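One structure below.
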Amino acid sequence: HPDRLKYPMKRVGKRGEGKFERISWDEATTLIADNLKSITEKYGPASRYVHVGTAVSGGTFSGDKMARRLLNLTGGYLESYHSVSMGNTAAATPYTYGIAASGSSLDTLLDTKLVILWGHNPTETIFGHTNYFLQKMKQNGTRFIVVDPRYSDTVSSLADQWIPLLPTTDNALMDAMMYVIISENLHDRAFIARYAIGFDEDSMPEGVPANESLVAYLTGAKDGVVKSPEWAEKITHVPAQTIRQLARDYANTKPAALIQGWGPQRHNCGERTARGSTLLATITGNVGIKGGWAAGYGGCANRKFAAGPEMPDNPVKAKISVMNWVQAADDASKVTPDMGLKDADKLDSNIRILFSLAGNYLANQNPDLHQAVRVLEDESKIQFIVASDLFMTPSAKYADLLLPETSFMERWNIGETWGTASYLILSEKLIEPEFERRSDYDWLREVAAKLGIENEFSQGRDEKAWIEHIWEQTRLAMPDENLPDFATLQKTRQHLFKSAPFIAFEDNIRDPENHPFPTPSGKIEIFSKRLYDMQHPEIPALSHYVPAHEGPEDALAKDFPLQLITWKGKNRANSTQYANPWLIEVQQQTLWINPQDAQKRGITHGDMVRIHNSRGICEIPAEVTPRIIPGVVAMQAGAWWQPDENGVDKGGCANVLSSARITALAKGNSHQTMLVEVAKA
Numbered sequence: 018h019p020d021r022l023k024y025p026m027k028r029v030g031k032r033g034e035g036k037f038e039r040i041s042w043d044e045a046t047t048l049i050a051d052n053l054k055s056i057t058e059k060y061g062p063a064s065r066y067v068h069v070g071t072a073v074s075g076g077t078f079s080g081d082k083m084a085r086r087l088l089n090l091t092g093g094y095l096e097s098y099h100s101v102s103m104g105n106t107a108a109a110t111p112y113t114y115g116i117a118a119s120g121s122s123l124d125t126l127l128d129t130k131l132v133i134l135w136g137h138n139p140t141e142t143i144f145g146h147t148n149y150f151l152q153k154m155k156q157n158g159t160r161f162i163v164v165d166p167r168y169s170d171t172v173s174s175l176a177d178q179w180i181p182l183l184p185t186t187d188n189a190l191m192d193a194m195m196y197v198i199i200s201e202n203l204h205d206r207a208f209i210a211r212y213a214i215g216f217d218e219d220s221m222p223e224g225v226p227a228n229e230s231l232v233a234y235l236t237g238a239k240d241g242v243v244k245s246p247e248w249a250e251k252i253t254h255v256p257a258q259t260i261r262q263l264a265r266d267y268a269n270t271k272p273a274a275l276i277q278g279w280g281p282q283r284h285n286c287g288e289r290t291a292r293g294s295t296l297l298a299t300i301t302g303n304v305g306i307k308g309g310w311a312a313g314y315g316g317c318a319n320r321k322f323a324a325g326p327e328m329p330d331n332p333v334k335a336k337i338s339v340m341n342w343v344q345a346a347d348d349a350s351k352v353t354p355d356m357g358l359k360d361a362d363k364l365d366s367n368i369r370i371l372f373s374l375a376g377n378y379l380a381n382q383n384p385d386l387h388q389a390v391r392v393l394e395d396e397s398k399i400q401f402i403v404a405s406d407l408f409m410t411p412s413a414k415y416a417d418l419l420l421p422e423t424s425f426m427e428r429w430n431i432g433e434t435w436g437t438a439s440y441l442i443l444s445e446k447l448i449e450p451e452f453e454r455r456s457d458y459d460w461l462r463e464v465a466a467k468l469g470i471e472n473e474f475s476q477g478r479d480e481k482a483w484i485e486h487i488w489e490q491t492r493l494a495m496p497d498e499n500l501p502d503f504a505t506l507q508k509t510r511q512h513l514f515k516s517a518p519f520i521a522f523e524d525n526i527r528d529p530e531n532h533p534f535p536t537p538s539g540k541i542e543i544f545s546k547r548l549y550d551m552q553h554p555e556i557p558a559l560s561h562y563v564p565a566h567e568g569p570e571d572a573l574a575k576d577f578p579l580q581l582i583t584w585k586g587k588n589r590a591n592s593t594q595y596a597n598p599w600l601i602e603v604q605q606q607t608l609w610i611n612p613q614d615a616q617k618r619g620i621t622h623g624d625m626v627r628i629h630n631s632r633g634i635c636e637i638p639a640e641v642t643p644r645i646i647p648g649v650v651a652m653q654a655g656a657w658w659q660p661d662e663n664g665v666d667k668g669g670c671a672n673v674l675s676s677a678r679i680t681a682l683a684k685g686n687s688h689q690t691m692l693v694e695v696a697k698a
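Sequential numbering of the sequence shown, starting at 18, is according to the numbering used here.
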C-alpha cells in the first residue's frame, strides 16, 4: 500500500497536525530509552502506560506484551483492565453463574429448536466459525428470531422473525417476557427450585427484606407496577402481542438458545442487559443442557490457549479501567476506587509516557474523542507518546515518535482461539519487511540494550526463537494434548484441539452436590446478595429495566431525540482496513435513518446530513431506509476521524458523538449510548 509507514519519524508540529520528520532507528530507540529514564526518575514507574491495541499486536507474542515485559523489568507500569469488546458482560455474568464463561461449544447447538440472536450480527462480524454452525442449524430446520433495532445482514440471511426495539430497553423486553412466562406457568419450576435462588420470596438469601424476589418485582409487589407486555410496549416500542408470543415461543420450545451479542452490553446499562438474559435462560431451564444456552457473556470455558512470554511481576499494583486512561492522564487524583481504581487508594502520578502499539484507540476509537484529544494536545500532560502502526491513523498523528510497524505477514506469532472454538495457528513470517519497518519486539530489544537489560529482556532470542520457546512451553503445559513439535507445526501451521461437545454448567446441573455453582450460594443467583450490598441504583441485585442515561426516557431527548447506534461491518475490523480503497467501495460510510424521521427533517436519500450533540458534529450522506426503526439512526463503527477547519468530522467517526461515561459495575465502555439530532447539512 503506498500509504504504509516506511521510516521512524519524530514529531515536528503540534500534536495532531501530523507533521513529522524522518529519523534513524538509533535516534528513535535512544529517544525512547532516554525518556523512559528521565520520566521514571521524575514521576515514578506508575507514570508509564501501555495502551490497548488489537491489530498486529494480537496473538500470544504481541508488541504490547513485550512492552509490558520491558517496563516490568525496569520498575513496572500502570496496568489497565477491562475489555473494550466485552468487558461489561464479562463482569456481570459471574454474578449469576460465578464465572464469565457461560458458552458451550457450538456443535451442541445442532439440537436446538429455537435460537434468539439478541443484538448479535454474526453474518457480518463472523465471530469465528459461528456462521458454519448457524447455517447448518438453519438447514436442519432450526427457527431463528433476531432482536435488533437494525435489519442487519443476519436478519436477512437467517431470521424467521425480526423484532426491533429501542436501544437500552432490552431489560424491559426481558422483564415482560419473564412476566408472561411466569404468569402463564411456563417456567421450569423443578429446575428453578433445585438450582437457583432469588426466584420467589421462599428462595431469597438471608438479610434481604421482603418483595425483592423476581416474582415480587415482576408482579409489582414492591413498586405497584406490573411488568406486563403492555408496560414494556410503551418503553421498547415492541407490540405487546409480539412480546407475549416471543415469551411463549422461548418457554415452550425445548431446547432453546438465547445468544446475546456484545453490542447491547456496550451501552451504559450493559451489565443489566447481560444478566437479564441469564435470568431468562434460568427460568426456562436452558442452562447446562445440550441445545440450550446460558446466555450472558458466552465465552467457552474449555478453550485452550498458548503459553505467553514470561512476564516478570509488576511492582506497581494500581490498576485502572482502560476507560479511565484519559482521566489518569489529565488528573490522576480524580481516578478513585469509586471510578474503578483497583489495588490502591490513589494513583501516584498522572500518565506521563504512553505506548500505543498497533492500535487506533488514542483518538479514533476512544469514546468522546474530543475529550481525549484535548488531553493529548496538552503537552504538559503526557510528555512522551510512542506509537507504532502500519498507517498514519488519526491516533498516530498524536505521537511524538511514530514507528513503522510490520504486518502479520512480516512477523512470527501464534494465533489463538476465538469465539467458542479451540485451536492454535502458527502465523509464519512470509516476507521480509520493506524499507525500515520493524516489529515491536525488534526495536524494544534495542531499547532494552540501551537501558542495559538486553539479555534479561530478550533471553538471547530473536522473534522466531521466542515463538519456538512459547510453543515448547505450551507443549509442556498440555502433556495430554499430543501437540506436535515445532518443525511439524511449521508444516501443518495449525493445531485443532479435539474434544467432545462441551456444555457449559453441565456438571453443575448433573451433580449439584459435588459440583455447586461457583457463587456464594452454590446456586444460580437470580438475585445477587453481593450486588444488593452495593446499594447502587444502577446495579440492581435483580437485573431489571432501569432507564439509561441518554436513553429514550432521558430529558436530553427533548433536544436530541434520536438514538445513535453503530454496527461492525463486513468491510473492516473496527478501524482496521479503513485505508483500503477496495473495501471502502464495498460500503460507503452513511447514516441510516428511517423514512419517517427523514421526512420530518426534509431529508432525502443521499443528502449530506449533519449529526450532532453536545460533544461533536459529523457530516456524512443519509441512507433513508426502513432497515432502521423510527427514533434510531445508525452508522458503521470504525470510520476514521477527518475534521475540517471548523472541527466538523467528514469521515463518519461515531466517537465524535459518543459518551465517555463509564458503566456502574464494570467501569466499562458505553460507546453505544448516545442521543443526537440530525438535519440537512
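Yeah, the Cβ is synthetic: ideal placement off N, Cα and C, and Gly gets one too. Keep in mind it's a predicted model, so treat the numbers as computed, not measured.
- Listed as beta-bridge partners of G432 by DSSP are I442.
- Contact between N672 and N383 holds: CB atoms are separated by about 6 Å, below the 8 Å threshold.
- For D406, the uninterrupted beta strand (DSSP E) segment begins and ends at F401 to D406.
- In the structure shown, I543 falls within a coil segment according to DSSP collapsed to helix, strand and coil.
- With 16 or more other Cβ atoms inside 10 Å of its own Cβ, R589 counts as buried.
- Within the segment 614-648, the complete beta strand (DSSP E) runs of at least 3 residues fall at 625-629 and 634-641.
- When rounded, the separation of the alpha-carbon atoms in L418 and A45 is 7 Å.
- Between A683 and H99, the C-beta spacing is below 8 Å.
- When the five nearest sequence neighbours on each side are left out, the beta carbons in the same chain lying within less than 7 Å of the beta carbon of D266 are those of L131, in order along the chain.
- Inter-segment contact for the segment 594-601 and the segment 623-638 is absent: fewer than three beta-carbon pairs are separated by less than 8 Å.
- The beta carbon of E473 is closer than 7 Å to those of L90 in its chain, skipping five residues each way along the sequence.
- DSSP places Q178 in the uninterrupted beta strand (DSSP E) bounded by Q178 to I180.
- Within the DSSP bridge table, the entry for P384 names no partner.
- Where S338 is concerned, the enclosing beta strand (DSSP E) starts and stops at K336 to S338.
- Under the 8 Å Cβ criterion, the segment 510-525 counts as touching the segment 103-120, having at least three qualifying pairs.
- In this structure, Q152 and I162 do not form a Cβ contact; the two beta carbons are roughly 16 Å apart against a cut-off of 8 Å.
- In this structure, the CA atom of L53 is about 44 Å from the CA atom of D497.
- Annotation for Q511: no alpha helix (DSSP H) segment contains it, though the beta strand (DSSP E) segment containing it runs Q511 to L513.
- Unbroken beta strand (DSSP E) stretches of 3 residues or longer found wholly inside the segment 484-523: 511-513, given in chain order.
- DSSP places L134 in the uninterrupted beta strand (DSSP E) bounded by L131 to W135.
- Between the alpha carbons of Q282 and A681 lies a gap of roughly 12 Å.
- If you ignore the 5 residues before and after P332, its C-beta comes within less than 8 Å of the C-beta of P62, N89, G92 and G93, all in its own chain and listed in chain order.
- The beta carbon of R160 sits closer than 6 Å to those of L131 and D177, all from its chain and outside the five residues before and after it, given in chain order.
- D81 places its beta carbon less than 8 Å from that of V67.
- Residue environment analysis places I276 among the buried positions, since at least 16 neighbouring C-beta atoms fall within 10 angstroms of its C-beta.
- Counting of Cβ neighbours within 10 angstroms places Q580 among the buried residues, the total reaching 16 or more.
- C-alpha of A651 to C-alpha of K251: approximately 22 Å in a straight line.
- When the Cα atoms are used, G325 and N319 turn out to be separated by approximately 18 Å.
- DSSP places Q152 in the helix class (H, G or I) of the three-state scheme.
- Contact holds between the segment 557-571 and the segment 184-197, because three or more Cβ pairs, one in each stretch, are under 8 Å apart.
- V464 sits in a helix when the DSSP states are folded into three classes.
- Residues G76, F425, R428, W429, N430, I431 and G432 of the same chain have their beta carbon placed closer than 8 Å to that of S444, with the five preceding and five following residues left out of the count.
- Rounded to the nearest angstrom, the Cβ distance from M83 to Y458 is 5 Å, consistent with a contact under 8 Å.
- In the three-state DSSP reduction, G120 falls in the strand class (E or B).
- The criterion of a C-beta distance shorter than 8 Å is not satisfied by V255 and Y549.
- In this structure, I543 and T299 form a Cβ contact; the two beta carbons are roughly 6 Å apart against a cut-off of 8 Å.
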